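Under the working numbering, think of the first position of the sequence shown as 109, with each following residue one higher.
This report refers to the structure that appears directly beneath it.
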Amino acid sequence: MRVLVVEDDLMIGESLSEALQDEAYTVDWVKDGRQAILTLRVQPYDIILLDLGLPEVDGMGVLTAIRDAKIETPVLILTARDQLKDRIAGLDSGADDYVVKPFELGEVFARMRVLM
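As structure tokens, this is what we get:
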């Protein structure tokens, strides 16, 4: 299974990527929204783990761009934004699930299994 991690925080991106690889996932990690959009146009993924607070293009912009491009890959938002309005906006914009940081890896893996 191929996972795209879109996360600008180096510590989170690195630890999440390593944990996913330890679980036998193939992982690509990009650190900004523009690169995420470009990557998704040329490489298919089984799931996208998407932060909202990204440079270049924020996570909501990425989500809108990929859904407008008819990319149907499941999207799990992983973000520090914990307000109800943010969760609703993310889901209404096409995300399949929403997890607030800090998160437990077991929960992220369980939600990924449901979405894939």
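We put the CB at the ideal spot given by N, CA and C, even for glycine.
Quick caveat, the model's predicted, so the values are computed rather than measured.
| Check | Outcome |
| --- | --- |
| Rounded separation between G141 and E215 - CA only | 24 angstroms |
| For I174, the residue or residues it bridges with in DSSP | The partner list for I174 (beta bridge, DSSP) is empty, contrary to what the question assumes. |
| Backbone CA spacing between I156 and M119 [nearest angstrom] | 18 angstroms |
| Endpoints, the alpha helix (DSSP H) within which R221 is located | L213 to L223 |
| Residue(s) in a DSSP beta bridge with Y206 | I185 |
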